[in-house]
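Each residue of the sequence shown is one higher than the one before, counting from 48 in my numbering.
Glycine included, C-beta positions come from ideal geometry on N, C-alpha and C.
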Amino acid sequence: MSTENDGTAVPADPAAPSTPPTPPVPPTPPTTAAEPAPPAAPAAPEAEPDPTQTLPQTEAHPQARTQAHAPTPEPGPAPDAAHPQAPAHDTAPSHAQPPAYAQAPAHATAASAGGWPPPPPAVPAWGAPLPPAPPAPGARKRTGGIVAAVLTAALVAGGIGGGIGYWAAERGDNGGFSSTTVSSGDAPASFKRDPGTVAAVAAKALPSVVTIQAKSGGTEGEGGTGTGFVYDQEGHIVTNNHVVASAADGGALSVTFSDGKSYDAEVVGRAEGYDVAVLKLTDAPKGLTPLPLGDSDKVAVGDSTIAIGAPFGLSNTVTTGIISAKNRPVASGDGSGGSNSYMSALQTDASINPGNSGGPLLDASGAVIGINSAIQSTGNGFGQSQAGSIGLGFAIPVNQAKNVAQQLIKTGKPVYPVIGATVNMNSKGAGATIAAQGAGGTAPVTPDGPAAKAGLKAGDVITGFDGHQIDSGPTLISEIWTHKPGDSVKVTYERDGKTATATVTLGERTGDS
């Protein structure tokens, strides 16, 4: 689409005048290609045929030129090489438009019947140029011609809009152009964000999300940046354990709200296995607004998500996505045991990066459904490395995080449900195999423990737990930790090639040691 002839007269080819022949009349001022000539009187019968009945080749009307004269066999001047004829749809914008807009202007068909200018259509199609209004008595003809030319150029090159009327009101009497700007009716600050929109949810949640600065107690003062959110009006902040671990023993913690105000904080309790920690502001301000907690058990794949955090230290960052999977077994380390964290995670494609850890994952209503904790990187597996987001983020379900937070606030120590058996953490694919020997030479199945009471033995391969398929030791632990001590759970296992089931009543373990 060319715009080089917008509103500018195009010189006619000397061999192809823009008006039909007329009988001799007194000389009149010449017209331009953008200004239609007055209707011509009928030619005398003895006049020779005029071979120049071709419309002027202007870029403002490539469609009309093509449709009106493509089938005409009469000889005429060769097309201008600098302005090749384009198909009628070439001037349509790249995005989809209503069908009528892609059609050639209505006057193109009328032009093929002979005569210029053609009569306007009775009812112009949407997107076609409107016929010029009859000039008022005494009005100059030049004004009508220029307005018609600008209307045509705007429809072809600029689309239909309100700019034409504004131009006509602002042009000077001498036919010149003035440069103007057009302001929006409402400034962006006055726009109303309807409830449920991302902007509305973010605006409500941001004042309750904090950026956490953690510094160790060592001489070098190492630490990092993470995120947390207000859990209650007493000043408790929920975050990930790995965000504050470096400052847990003699270090310093501070939290900064979205308004820039900072407060000192201290660790109330940490749960390494769950990767959950609770802080408390040492001088909590009044009027704290806790984020509402949702129900992660009711989350469905495809639900919208909003993540808020400080990726790479960029506080108050909001990203969006969906729940792309549920019950995703994730180990925040290498899965070999020790102080690794395990979760049956919510998977989301909302952009999560280092610094988002501990921040809330919200649903479309603004309720917390998870705590952003880990990402899948291309080189280092699951964890909190400095790799960027590839669209695979993992959040601790809020139902589990809530139980852990309440326990930490109450006692300062986490409580874990257990089955009382040691499983192999390295094999994957066949299930979770009860090891032949426990840690430190202990029994693989705790005597009189939950697994022993259910009849499980060393060598049994657990393949199902509470209706979820188990493919490894970390997956089994992730599923166990979604429950509470005392829950009775159905377990499916294999022994000597045979499948059996048992019901296990979960025991408990206090603390991370």
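Where the alpha helix (DSSP H) containing N288 begins and where it ends | 288-291
Supposed contact pair P497 and G554 - C-beta distance, whole angstroms, cut 8 Å | 5 Å
Answer with yes or no whether the minimum CB distance from G316 to chain C is below 9 Å.
-> Among the protein chains of the structure shown there is no chain C, as only one such chain exists.
Alpha carbon of K327 to alpha carbon of I456, nearest angstrom | 10 Å
Beta-bridge pairing of V248 - partner residues as DSSP gives them = V248 pairs with nothing; no bridge assigned.
Using the rule of at least 16 other Cβ atoms within 10 Å of the residue's Cβ for burial, across every protein chain shown, is P140 buried or exposed?
-> Its pLDDT being 39, under 50, P140 is placed unreliably by the model, and nothing is read from it.
What does DSSP give as the partner residues of A468 in its beta bridges?
-> V492
Outcome for G558 when other beta-carbon atoms lying within 10 angstroms are tallied against a minimum of 16 = exposed
Cα separation between T274 and A347?
-> 25 Å
Indicate the three-state DSSP secondary structure (helix, strand or coil) for V445 in the structure shown.
-> helix
Any idea what DSSP makes of V365, helix, strand or coil?
-> strand
Would you list the residues sitting across from F512 in a DSSP beta bridge?
-> H515, V538
Environment of T366 [buried if 16+ CB atoms lie within 10 Å] | buried
In chain order, what residues of the same chain lie with their CB nearer than 8 Å to the CB of I284, ignoring the 5 residues before and after it?
-> V257, I259, G275, F276, V277, Y278, V302, A312, V325, L326, K327, L328
When DSSP labels each residue in this structure, what does K373 get in the three-state scheme?
-> strand
Please say whether G402 and A448 have beta carbons closer to each other than 9 Å?
-> no
Applying the criterion that 16 or more other CB atoms from any shown protein chain within 10 Å of the CB defines a buried residue, is P145 buried or exposed?
-> With a pLDDT of only 36 at P145, under the threshold of 50, the placement of this residue in the model should not be trusted; the figure read from the coordinates follows. Exposed: under 16 other Cβ atoms inside 10 Å.
Simplified DSSP assignment, three categories, for T458 | helix
By Cβ distance, which residues of its chain are closer than 7 Å to D344, with the 5 residues on each side in sequence left out?
-> N446
Would you grab the beta carbon distance between I481 and K504 for me? Rounded to a whole angstrom, and I think it's under 8 Å.
-> 7 Å
Roughly how many angstroms separate the alpha carbons of P521 and A318, rounded to a whole number?
-> 17 Å
Give me the Cβ distance between L408 and A442, rounded to the nearest whole Å; I'm assuming they're in contact under 8 Å.
-> 4 Å
Write down the C-beta distance between Y389 and S525 rounded to the nearest angstrom, noting that I regard them as a contact closer than 8 Å.
-> 5 Å
Q484 classed as buried or exposed, judged by whether at least 16 other C-beta atoms fall within 10 angstroms = exposed
When we look at the beta-carbon of D220 and count the other beta-carbons within 10 Å, is it buried (16 or more) or exposed?
-> Summary for D220: the model assigns pLDDT 46, below 50, so the residue's position carries little reliability, and this model does not support an answer.
List the endpoints of the continuous beta strand (DSSP E) containing S424.
-> 415-424
If we ignore side chains and look at the alpha-carbon of each, how far apart do L340 and K545 end up?
-> 43 Å
Indicate the three-state DSSP secondary structure (helix, strand or coil) for S263 in the structure shown.
-> coil
Residue from L300, V245, T364 whose Cα sits closest to the Cα of D330 = L300
Return yes when the C-beta of V508 is under 8 Å from any heavy atom of the ligand GTP, and no when it is not.
-> Absence of the ligand GTP from the depicted structure is noted, as is the absence of any ligand whatsoever, leaving it without description.
Which of helix, strand or coil does DSSP assign to D344?
-> helix
Expected contact under 8 Å - CB spacing of V508 and G478 to nearest Å = 4 Å
According to DSSP, residues forming a beta bridge with S351 = I369
Quick one: give me the first and last residue of the alpha helix (DSSP H) that Q525 is part of.
-> Rather than Gln, the amino acid found at residue 525 in this sequence is Ser. S525 -> alpha helix (DSSP H) spans 520-527.
Please state if the CB of G413 and the CB of L338 are separated by a distance shorter than 9 Å.
-> yes
Give a yes or no on whether the C-beta atoms belonging to I418 and T395 are separated by under 9 Å.
-> no
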